[in-house]
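Trainee: Dumping the structure here so I can ask a few things about it.
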Amino acid sequence: MECDYRVEKEMEGMRIDKYLTEQREALSRSFLQKLLKENVVLVNQKPVKSNYRIIEGDRIIVTIPEAVEPDIKAENIPLDIVYEDTSLLIINKPKNMVVHPAPGHYTGTLVNALMYYCNGRLSGINGVLRPGIVHRIDRNTTGLLVVCKNDYAHNYLAEQLKEHSITRKYHAIVQGTLKEDSGKIDAPIGRHPTDRKKMSINLKNGREAVTHYRVLKRFQKFTYIECQLETGRTHQIRVHMAAMNHPLLGDEVYGPSKSSFTLEGQTLHAKVLGFLHPDTKEYMEFDSLLPEYFQKLLECLV
538 MECDYRVEKE MEGMRIDKYL TEQREALSRS FLQKLLKENV VLVNQKPVKS
588 NYRIIEGDRI IVTIPEAVEP DIKAENIPLD IVYEDTSLLI INKPKNMVVH
638 PAPGHYTGTL VNALMYYCNG RLSGINGVLR PGIVHRIDRN TTGLLVVCKN
688 DYAHNYLAEQ LKEHSITRKY HAIVQGTLKE DSGKIDAPIG RHPTDRKKMS
738 INLKNGREAV THYRVLKRFQ KFTYIECQLE TGRTHQIRVH MAAMNHPLLG
788 DEVYGPSKSS FTLEGQTLHA KVLGFLHPDT KEYMEFDSLL PEYFQKLLEC
838 LV
C-alpha cells in the first residue's frame with residue numbers, strides 16, 4: 538500500500554518519523570523507523586533518515602508492505618453465551634481475555650474460542666484476525682459483545698454502530714465523588730501526543746467522542762456510575778472519566794498506579810447491549826449480571 542502526503546506549514550521542522558506517526562495512527566513509531574531504514578519512505582523522490590526535519594511542501598511517499606497475517610488456531614476455550622441464533626451470538630466476556638489476536642496475544646483470545654465453537658462459520662469482513670467481531674471491549678473490561686456469523690448480519694450491525702443507534706450501557710466505579718447526578722462528556726479522542734499506548738482528549742486530531750453518564754450510588758471516596766456510549770472510541774469511558782479527574786478504579790493507565798484494592802485493571806462492565814436484529818428487524822436488548830469481583834467491591838464500599 539502506498540501513502541502520499543504533502544507537508545503543511547504548521548508541521549514544518551518536525552522529525553519525519555514523528556510526523557508519519559501522527560498521520561498513520563495505526564502504525565508504531567518503531568515500525569515507521571524500520572521503513573525509513575529500508576528506504577521505502579521517500580521525500581521528494583529521495584530516501585531520508587528518521588531524524589530528517591520536514592519542510593513545508595515536502596512530498597512524502599510511504600510504501601507499506603502487505604501484512605503477513607498469522608494462522609489463527611481454533612481453541613477449545615469455554616464461552617459464556619447469553620444468546621445465539623443462526624446469524625449472531627451474544628457473548629459475556631470475562632476479565633483478562635483479549636478479544637482478537639494481536640502482537641503478543643495470538644492464543645487464548647475470544648476469536649480463538651469462537652473459531653472452535655463456530656467451526657469457521659463467522660463473518661469475514663474484518664479479516665482473518667477478527668472474524669465475526671463487530672466491536673470490541675478492552676482486555677480487562679467484562680461484559681456483552683455481539684458476534685456475527687455472516688457478512689449480512691455484520692454489515693447490518695456495523696451500520697447501526699455508525700449511526701450510533703446501538704444501545705451500549707456500561708457500569709463503572711470511579712475515583713472520587715461526582716457532584717452532578719448526570720452529565721454529558723463531548724470531547725474528541727485521539728492518540729496521546731507522546732505515549733503511543735494511550736489515548737487522550739485531542740482537540741486537533743481526535744475523533745468525535747460522546748459519553749453520557751449518571752450516578753447510581755455515591756460512596757465516601759468513590760462513585761458507582763452508568764455510562765452510555767453515543768460513539769465508541771478506543772478507551773472512551775476511561776479517557777473521558779480521567780479527563781474529569783474521576784479515573785476508573787483499578788485503571789493503571791489513566792488513573793493512579795497504586796490502589797487500596799487488588800484488581801486486574803479497570804472496574805468496567807459492558808452491562809446492556811441493544812440493537813435491531815439483522816433478520817427480524819426487531820429491537821433486542823440484553824442485560825448481564827455484574828461479575829462477582831464487581832459485586833463484592835460494591836459491598837466493600839458500602
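Numbering (our numbering), first residue to last: 538 to 839.
Built from N, CA and C at the ideal position, the CB exists for glycine as well.
Values in this document were obtained by computation on a predicted structure and should not be read as measured data.
1) Mapping DSSP to helix, strand and coil, what is H777?
2) Please report how far the alpha carbon of G550 lies from the alpha carbon of P584, in whole angstroms.
3) In the DSSP assignment, what residue or residues form a beta bridge with F812?
4) When you compare the CB positions of I627 and Y589, do they come within less than 8 Å of one another, or not?
5) If contacts are defined as beta-carbon pairs under 8 Å, then G498 and P725 qualify, I think. What distance do you get, rounded to the angstrom?
6) Enumerate, from N- to C-terminal direction, the unbroken alpha helix (DSSP H) stretches of 4 or more residues contained entirely within the stretch 675-746.
7) Sorted by chain position, which residues of the same chain lie with C-beta nearer than 6 Å to V580's C-beta, five sequence neighbours on each side aside?
8) Around the C-beta of T817, are 16 or more other C-beta atoms found within 10 angstroms, so that it is buried, or is it exposed?
9) Classify V648 as buried or exposed, calling it buried when 16 or more other Cβ atoms lie within 10 Å of its own Cβ.
10) Looking only at C-alpha atoms, which of V752, T748 and N633 sits nearest to L766?
11) Check whether the Cβ atoms of L681 and N629 sit closer than 8 Å, and answer yes or no.
12) Within its chain, find whatever has a CB closer than 6 Å to the CB of V577; leave out the 5 residues flanking it on each side and keep chain order.
13) Quick check: is any heavy atom of the ligand SAH less than 7 Å from the C-beta of L573?
14) For D622 and L740, what's the separation of their Cα atoms in angstroms?
15) Where do the ends of the alpha helix (DSSP H) carrying N649 lie?
16) Could you please give the first and the last residue of the uninterrupted alpha helix (DSSP H) stretch that includes Y556?
17) Hey, how far is the Cα of M548 from the Cα of C540?
18) Under 8 Å between the Cβ atoms of V683 and L694?
19) Give me, in chain order, the residues of the same chain whose beta-carbon lies closer than 7 Å to that of N677; leave out the 5 immediate sequence neighbours on both sides.
20) I want to know whether the stretch 638-652 touches the stretch 769-781 - three or more CB-CB distances under 8 Å.
21) Just the C-alpha distance for C685 and I670, rounded to the nearest angstrom, thanks.
22) Using the C-alpha atoms, what's the distance from I662 back to G645?
23) Count the other C-beta atoms from every protein chain shown that fall within 10 angstroms of the C-beta of T679, then say buried if there are 16 or more, exposed otherwise.
24) Look at L786 and I710 and say whether their C-beta atoms are less than 8 Å apart.
Mentor: The short version:
1) Three-state DSSP puts H777 in a helix.
2) For the pair G550 and P584, the Cα-to-Cα distance works out to about 17 Å.
3) Its beta-bridge partners are M821.
4) No.
5) Outside the shown range of the chain, which is 538 to 839, sits residue 498, and nothing can be said about it.
6) Whole alpha helix (DSSP H) segments, 4+ residues: 688-699.
7) Once the five neighbours on either side are set aside, the close Cβ partners of V580 are D595 and I597.
8) So T817 ends up on the exposed side.
9) By the 10 Å Cβ count, V648 comes out buried.
10) The shortest Cα separation from L766 among V752, T748 and N633 belongs to T748.
11) Less than 8 Å divides the Cβ of L681 from the Cβ of N629.
12) T600, listed in sequence order.
13) Within the structure as shown, the ligand SAH is missing, as the structure has no ligands at all.
14) Put simply, the backbone Cα of D622 is about 42 Å away from that of L740.
15) Where N649 is concerned, the enclosing alpha helix (DSSP H) stretches over L647 to C655.
16) Counting along the chain, the unbroken alpha helix (DSSP H) around Y556 starts and ends at I553 to Q560.
17) Spanning the two alpha carbons is a distance of roughly 17 Å.
18) Yes, Cβ-Cβ distance for V683 and L694 is below 8 Å.
19) So the list reads K632, N633, E801, G802 and Q803, once near-sequence residues are dropped.
20) Flag = no, the stretch 638-652 and the stretch 769-781 do not touch.
21) Computed Cα separation, rounded: 7 Å.
22) One alpha carbon belongs to G645, the other to I662, and they sit about 22 Å apart.
23) The residue is buried, with at least 16 neighbouring Cβ atoms inside 10 Å.
24) In this structure, I710 lies closer than 8 Å to L786 by Cβ.
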